[in-house]
Each structure stands twice: as structure tokens, then as C-alpha cells.
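Convert by adding 152 to the 1-based position in the sequence shown; the result is the number in our numbering.
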Amino acid sequence: MTEIHPGQRVAVLVDAQNLYHTAQSLHSRNIDYSALLDKAVQDRQLTRAIAYVIRADAPEEESFFEALVDIGFEPKIKDIKTFSDGTKKADWDVGMSLDAVTLANHVDTIVLCTGDGDFSRLCSHLRHEGVRVEVMAFESSTAEELVEEADSFLDLGERHETFLL
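In C-alpha cells:
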């Protein structure tokens with residue numbers, strides 16, 4: 153697949169819940185979204201940066217959503233759903249996949265910031281369509297099939313001083 157070069161058009165799609173929970177469980181720290189976006193773009197042409205987030209009515213989340221905008225992300229926000237048995241659910245897998253497929257005709261590279269193996273089939277599809285797929289996540293919690301399907305993989309855990317606050 154194509155190597156990185158300055159003329160590439162790049163879309164960055166961030167599964168914020170996946171990265172947040174992994175950073176918290178492994179390092180008890182938060183993601184530095186500014187550093188994440190800088191590394192994902194790597195002096196290429198940023199077409200779109202989307203952070204998929206969940207609203208859980210935590211006091212600090214509105215300022216987090218505003219900070220994402222200031223950094224250069226478009227936050228897509230989904231409210232958490234609570235079911236009658238008390239269980240909660242909210243994920244962006246389908247929305248993130250649909251956006252990636254839609255953006256594929258407008259970019260050369262899609263950077264997926266997630267370790268979720270559910271996206272391995274998406275990687276395969278995007279690559280078949282001629283799109284370079286890069287994955288950025290914590291290797292220790294990233295599905296092996298996702299790493300195998302991507303053109304490149306960057307382990308955020310190897311450079312936690314860069315990607316964690």
C-alpha cells in the first residue's frame with residue numbers, strides 16, 4: 153500500500169471510549185488528543201478529524217467536548233442508554249464504520265484510533281477500495297486481527313509520554 157507522503161488526504165476517526173478506558177486501565181491517565189491528532193496527520197492534508205464520544209452526564213464532559221473542537225476534532229456525541237434492567241450501552245461502531253466508508257472516496261488514508269477488533273473487517277474493506285488504513289491504539293488491548301488488517305500500527309503504549317496526560 154502507499155507510503156506516507158505530504159500530498160495524502162487523511163481522515164482521523166477516534167473511538168474515544170475505547171482509548172479512554174484503555175488509558176485509564178493501563179496507565180490511570182488520559183489521552184493527549186492534540187498529540188494524537190498531530191501524529192495521525194504527520195504533516196499530511198487533514199480532510200476530517202472526528203472523535204466519537206459518549207455523553208454520560210459527567211460534570212467535566214462538556215469542557216472535554218469543547219476541548220476536542222479547539223484541538224481540531226468534530227465531536228460526534230451519543231447519549232448513553234440505560235435499559236430497564238440497569239445495564240448501560242453506547243457505542244459508535246456502526247456510525248464510525250459508515251463514516252469511514254463514506255470518507256473513503258475523499259481521502260487517501262484513514263487513521264482509526266481504536267483497538268476494537270470489530271473494525272478489522274472495515275480495514276479489509278477500505279484497503280480493498282484503495283485506502284491506506286493506519287491504526288493507533290494500545291497494543292496490549294488491541295485485537296490481533298485489527299493489527300493484521302491495517303497497513304500500519306502505532307502502539308500508543310510504547311510512547312505513553314507523548315500520548316498520555
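Note that the Cβ used here is the ideal one computed from N, Cα and C, for glycine as well. Nothing here was measured: the structure is a model prediction, and the numbers come from that model.
Residue i, buried or exposed, once every other Cβ within 10 Å from all chains shown has been counted against 16
| i | result |
| --- | --- |
| Val283 | buried |
| Gln169 | buried |
| Ala256 | buried |
| Gly238 | exposed |
Contact test: residue i Cβ vs the ligand SAH heavy atom, cutoff 7 Å
| i | result |
| --- | --- |
| His277 | With respect to the ligand SAH, the structure shown offers nothing to examine, as it has no ligands at all. |
Cβ neighbours of residue i in the same chain (closer than 7 Å, five flanking residues each side left out)
| i | result |
| --- | --- |
| Ala208 | Ile232 |
| His179 | His312 and Leu316 |
| Gly247 | Tyr204 and Lys228 |
Residues near residue i by beta carbon distance below 6 Å, same chain, minus five either side
| i | result |
| --- | --- |
| Ala295 | Gly269 |
Those residues which DSSP pairs with residue i across a bridge
| i | result |
| --- | --- |
| Val166 | Ala203 and Cys265 |
| Phe290 | According to DSSP, Phe290 bridges with nothing at all. |
| Arg284 | Thr261 |
| Asp227 | Checking the sequence shown, residue 227 turns out to be Pro, not Asp. Note: Pro227 sits in a beta bridge opposite Ala203. |
Proximity of residue i and residue j at Cβ, strictly below 8 Å
| i | j | result |
| --- | --- | --- |
| Leu306 | Lys191 | yes |
CA nearest to the CA of residue i, picked from the options
| i | options | result |
| --- | --- | --- |
| Glu281 | Leu264, Arg181 and Val259 | Val259 |
| Gly224 | Val246, Leu317 and Leu165 | Leu165 |
| Arg161 | Val285, Phe235 and Leu316 | Val285 |
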